[in-house]
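> Quick one: structure below, then a few questions.
Number of protein chains: 2
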Amino acid sequence: MRSRTAGPEIKQRLIEAAAQLLADEGPAGLSTRRLAAEVGASTMAVYTHFGGLPELVRAVVREGFSRLADHLAAVPETDDPLLDLAALGKAYRANALDNPHLYAVMFGSASLGGYRLHDEELDEGRDTYEVLVAATQRTIDAGIFRPGDANAIAAQLWSATHGFVMLELAGYFASEREPDAVGDVLDPMHAAIVTALLA
Amino acid sequence: MRSRTAGPEIKQRLIEAAAQLLADEGPAGLSTRRLAAEVGASTMAVYTHFGGLPELVRAVVREGFSRLADHLAAVPETDDPLLDLAALGKAYRANALDNPHLYAVMFGSASLGGYRLHDEELDEGRDTYEVLVAATQRTIDAGIFRPGDANAIAAQLWSATHGFVMLELAGYFASEREPDAVGDVLDPMHAAIVTALLA
DNA sequence: GAAGATGTATAACGCCGTTATGTCACGATG
DNA sequence: CATCGTGACATAACGGCGTTATACATCTTC
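Just so you know, the sequences run in chain order Z and S.
If you count by my numbering, then the first sequence holds residues 389 to 587, one letter each, in order.
If you count by my numbering, then the second sequence holds residues 389 to 587, one letter each, in order.
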């Protein structure tokens, strides 16, 4: 067992190299030949281990959701669920800003290598956002939010934050006309949605 | 002047063919060779008239923003600015749902043919959203919203609606757990933001 | 009519994803 | 221990891509 042991690890190395390539050079830099050179193998590695480039990208997306879930799970749970919700939003934005290309692929705005979102990834995304649903439920249980569908409420918060981050990444808030997008747009928007839900 | 007269019109025909191809087959279906076959010319047409595929895509994006601006401008201006704002949101969503691929290219950091958003397109997008700013300003002037920065308020509404539409297009609200995404998510979210701004 | 400019088609270059083919190391089987 | 089958591997090829070089046809201008 010499190069045999490399078997299990080369799959992960391909995923990591793809994520790195995506982060460094964007979607255009990701190719089977480039990946093969990066991990010191032939392009066949992509096909034996994944079946094709789209499947590899799918694995990268799942890795991205996993990373996002870790970021959100790392947000400490305090005795003020409202502050926790705000912290989750900040963590969500920070993660997106740290991995802009991956974020774009995860949410389908980039069509990388014929890749399209599958139910599997959608479930993964939904699972990730269960953290947000849980925090919302806690806020309801604490009597801060009036009783309601935590799922729908979380979807509101997710939509608003997601939309802001997407526009921010696209560059729409980079103008000199918007010196403080977070303070003037994101925070008030979040506060408005939260306020409307108070008991 | 026989095929010469086709000169001025072939540029527009290329843009329209590209938009159609994008709508029909998605980003993967857009190629210089495919376009050339579609309009009955060689691939060189793309280069003589645009300089390359990215520039052609940019023209398509500008067309998309123009189409969006038309949709928004078509929303009638009533004596209730609040209803107008809601109608603008509906028009925005309807336009995105009608042209999902184009919408993704317009707002995504999508990697279509190496295309990246330029300041020019950002300005075009900002111009389009001036319609939303104007409606917001009218609401303030009518004494319905308390005085404030119409730009920042419009950005909130835009972010929220945009985020919802993006997640909807990605398929996150297609689950059986979300039977009425618009009624449970979009409308309450919009109402919350609006309510927080009332005088 | 000659000269330059402009749009075009053809063909080629270097990429790309993917696949067919042959090879070689390994685990299982006798 | 010998054999076989399996699976990962490298190589090479195929078709398609964006792009560019080149040559040709046409229009404009003098």
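By construction, the Cβ of each residue, glycine as well, lies at the ideal position given by its N, Cα and C atoms.
With burial defined as no fewer than 16 other Cβ atoms inside 10 Å of the residue's Cβ, what is the status of Z/D529: buried or exposed?
When all chains shown are included, Z/D529 counts as exposed.
> Excluding the five sequence neighbours on either side, which residues of its own chain have a C-beta within less than 7 angstroms of the C-beta of Z/A429, listed in chain order?
Once the five neighbours on either side are set aside, the close Cβ partners of Z/A429 are I398.
> Quick check: the Cα distance between Z/R401 and S/I532, rounded to an integer number of angstroms?
The alpha-carbon atoms of Z/R401 and S/I532 are separated by roughly 58 angstroms.
> Looking at C-alpha atoms only, which residue of S/H578, S/P415 and S/L409 is the closest neighbour of S/Q427?
Looking at the sequence itself, residue 427 of chain S is Val, so the reference to Gln does not match. Of S/H578, S/P415 and S/L409, the residue nearest in Cα terms is S/L409.
> Hey, is S/I532's beta-carbon within less than 8 angstroms of any beta-carbon in chain Z?
Output row for S/I532: interface = no.
> So, does the CB of S/S499 fall closer than 8 angstroms to a CB anywhere in chain Z?
In this prediction, S/S499 has a pLDDT of 48, which is less than 50 and means its spatial position is unreliable; nothing more can be read from the coordinates.
> Taking the beta carbon of Z/L490 as the centre, do at least 16 other beta carbons fall within 10 Å, making it buried, or is it exposed?
Z/L490 is buried by the Cβ-count criterion.
> Measure the alpha-carbon distance for S/H437 versus S/P488 and round it to whole angstroms.
Cα-Cα distance, rounded: 26 angstroms.
> CA-CA distance, S/F453 and S/G571?
Rounded to the nearest angstrom, the two C-alpha atoms are 27 angstroms apart.
> Under the rule that 16 or more other beta-carbon atoms within 10 Å means buried, what is S/D507, buried or exposed?
Exposed: under 16 other Cβ atoms inside 10 Å.
> On a CA-only basis, which of Z/V553, Z/D568, Z/A492 and Z/P469 is nearest Z/V521? Give me that one, please.
It is Z/P469 whose Cα lies nearest to the Cα of Z/V521.
> Between S/T527 and chain Z, is any beta-carbon pair separated by less than 8 angstroms?
Chain Z contact via Cβ: absent.
> For Z/T516, which residues from the same chain have a beta carbon less than 6 angstroms from its beta carbon, with the 5 sequence-adjacent residues on both sides left out?
These residues qualify, in order along the chain: F453, L456 and A457.
> Between the Cα of S/E404 and those of S/P576, S/A416 and S/R450, spot the shortest distance and give me the residue it belongs to.
It is S/R450.
> Does the stretch 466 to 482 of chain S come close enough to the stretch 534 to 548 of chain Z to have 3 or more Cβ pairs within less than 8 angstroms?
No, because fewer than three Cβ pairs between the stretch 466 to 482 of chain S and the stretch 534 to 548 of chain Z fall closer than 8 angstroms, the two stretches do not touch.
> DSSP puts S/L586 in a beta bridge; with which residues?
Partner(s): S/F533.
> Using only the alpha-carbon positions, how far apart do S/A484 and S/V553 sit?
If I take the Cα positions, the gap works out to 7 angstroms.
> Listed in chain order, which residues of the stretch 512 to 524 of chain Z have Cβ atoms closer than 9 angstroms to some Cβ of chain S?
Taking 9 angstroms as the Cβ-Cβ cut-off against chain S, the residues of the stretch 512 to 524 of chain Z that qualify are G513, R514 and Y517.
> Please classify Z/E413: is it buried, with 16 or more other beta-carbons within 10 angstroms of its beta-carbon, or exposed?
Exposed, because fewer than 16 other Cβ atoms sit within 10 Å of the Cβ of Z/E413.
> Closest by CA to S/V334, which one among S/M494, S/E512, S/R422 and S/A479?
For residue 334 of chain S there is no data in the structure shown, the boundaries of chain S being 389 and 587.
> Considering only their Cβ atoms, is the gap separating S/L476 from S/L460 smaller than 8 angstroms?
Yes, they are a contact pair.
> Identify, in the order they occur along the chain, each residue of the same chain with its Cβ nearer than 8 angstroms to the Cβ of S/Q525, setting aside the five sequence neighbours on each side.
Closer than 8 angstroms at the Cβ level, and outside the excluded window around S/Q525, lie A538.
> Would a check of beta-carbon distances place Z/A479 closer than 8 angstroms to chain S?
By this cut-off, Z/A479 is not an interface position.
> So the alpha helix (DSSP H) Z/F552 belongs to, where does it begin and stop?
Run containing Z/F552: A538 to A558, per the alpha helix (DSSP H) assignment.
> Apart from the five residues just before and just after Z/A474, which ones in its own chain have a Cβ nearer than 7 angstroms to its Cβ?
For Z/A474, where only same-chain residues beyond five positions count, the Cβ hits under 7 angstroms are H578.
> Is any beta-carbon of chain S found at less than 8 angstroms from that of Z/A482?
With 8 angstroms as the cut-off, Z/A482 does not count as an interface residue toward chain S.
> In the DSSP assignment, the alpha helix (DSSP H) including Z/H437 goes from what residue to what residue?
Where Z/H437 is concerned, the enclosing alpha helix (DSSP H) stretches over M432 to H437.
> Throw me the rounded Cβ distance for the S/A548 and Z/S547 pair, which I believe falls under 8 angstroms.
The pair is a contact, with the Cβ atoms about 6 angstroms apart (cut-off 8 angstroms).
> Please report whether the beta-carbon of S/A453 lies at a distance below 8 angstroms from any beta-carbon of chain Z.
For the sequence presented, residue 453 of chain S should be read as Phe rather than Ala. With 8 angstroms as the cut-off, S/F453 does not count as an interface residue toward chain Z.
> Are there 16 or more other CB atoms within 10 angstroms of the CB of Z/A492, so buried, or fewer, so exposed?
It is buried - the Cβ of Z/A492 has at least 16 other Cβ atoms within 10 Å.
> Within the continuous alpha helix (DSSP H) that includes Z/G417, where are the two ends?
Note, Z/G417: premise wrong, no alpha helix (DSSP H); not H, not E.
> Quick check: the Cα distance between S/A542 and Z/L510, rounded to an integer number of angstroms?
Computed Cα separation, rounded: 30 angstroms.
> Pick helix, strand or coil for Z/F495, following the three-state DSSP scheme.
If DSSP states are grouped into helix, strand and coil, Z/F495 belongs with coil.
> Helix, strand or coil: how does DSSP classify S/R390 here?
Low confidence applies here, because S/R390 scores a pLDDT of 38, under 50, leaving its location unreliable and the question unanswered by this model.
> Please list the partners that Z/G439 has in chain S, where partner means a Cβ-to-Cβ separation under 7 angstroms.
Residues of chain S passing the Cβ test: none, with the nearest at roughly 18 angstroms.
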